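In my numbering, the protein residues as written are 1 to 184.
Glycine is no exception: its CB is placed at the ideal position from the N, C-alpha and C atoms.
Here the structure is a predicted model, which is why all the values come from computation and not from measurement.
Shown next, in structure tokens, is the structure this report addresses.
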Amino acid sequence: MATVLSVSGSPSASSRTSRLLRHLDQRLAAQGHDVIPLDVRTIPAEALLGADFRHPAIVEATELFARADGVVVGTPVYKASYSGVLKSLLDLLPQYALAGKTVLPLATGGSVAHVLAIDYALRPVLTSMGAAHIVQGWFTLDKDLAVQDDGSLAVAPAATEALGQVVDQFSAALGRTPLLAVAG
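Right, dumping it as structure tokens:
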């Protein structure tokens, strides 16, 4: 069983990005992984913006990255790049915080014009942090994510299929054969 840190880089409490990550966390947990969610927005702003490396929340986040075998990084796309709150956290982590780790980059946004943000904005940062293997990421359009009245997330069928494939590839890269893929 691999330990997966699932990082939401959304600054919004009602974020579709965060809901999508928590939705995908369930698939990874069903495949036998120990999934630890981390919503960057819950880290105190004064610690992030003040670059307080010794703040308990920053120390805890750094420890979570250190003990993870794999990291899922999800972000909304703003101005053709990943979120500022995610950047703030990544800047405070050790230079090689992703060394030896498998990483799955995910992004959400309102327009297909932002689809390359994963490869041209996020992937270079993840690579510079020493990620051992960055699997194929996925960009999901906001229109394919609907928040239901009960707070759950409904994902459009085509997006569900694509996301399932990238999550299963990530799971396989962690050294486990996805149980859902075997069962199908």
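Whether residue i touches residue j by CB criterion (8 Å)
i      : j      : result
Thr17  : Thr160 : no
Leu20  : Leu145 : yes
Leu86  : Val135 : no
Gly74  : Gly9   : yes
Leu141 : Val103 : no
Pro105 : Ser15  : no
Rounded distance between the beta-carbons of residue j and residue i, thought under 8 Å
i      : j      : result
Phe53  : Leu92  : 6 Å
Leu38  : Val7   : 5 Å
Ala132 : Gly100 : 5 Å
Gly130 : Tyr96  : 4 Å
Gly70  : Ala162 : About 19 Å separates the two Cβ atoms, so there is no contact after all.
Ala47  : Ile58  : 5 Å
C-alpha distance - residue i paired with residue j, whole-angstrom precision
i      : j      : result
Gly137 : Gly50  : 31 Å
Asp25  : Asp34  : 9 Å
Phe170 : His114 : 22 Å
Thr127 : Ala156 : 30 Å
Leu28  : Val167 : 7 Å
Gln31  : Val72  : 15 Å
Ala117 : Pro44  : 26 Å
Leu122 : Ala68  : 19 Å
Pro94  : Val125 : 12 Å
Leu98  : Val147 : 32 Å
Asp149 : His55  : 37 Å
Burial state of residue i (16 or more Cβ within 10 Å)
i      : result
Thr42  : exposed
Ala13  : exposed
Pro11  : buried
Ala154 : exposed
Ala268 : Lying outside 1 to 184, the shown extent of the chain, residue 268 is not represented and no answer is given.
Ala61  : buried
First through last residue of the beta strand (DSSP E) which encompasses residue i
i      : result
Ala154 : 153-155
Asp34  : 34-39
Phe139 : 138-141
Thr75  : 70-76
Ala45  : Looking at the DSSP string, Ala45 is not in any beta strand (DSSP E); the run it does join, the alpha helix (DSSP H), is 45-49.
Ala107 : 102-109
Val147 : 145-147
N- and C-terminal bounds of the alpha helix (DSSP H) containing residue i
i      : result
Gly84  : 84-92
Pro56  : 56-67
Val125 : 123-128
Ser10  : Note, Ser10: premise wrong, no alpha helix (DSSP H); not H, not E.
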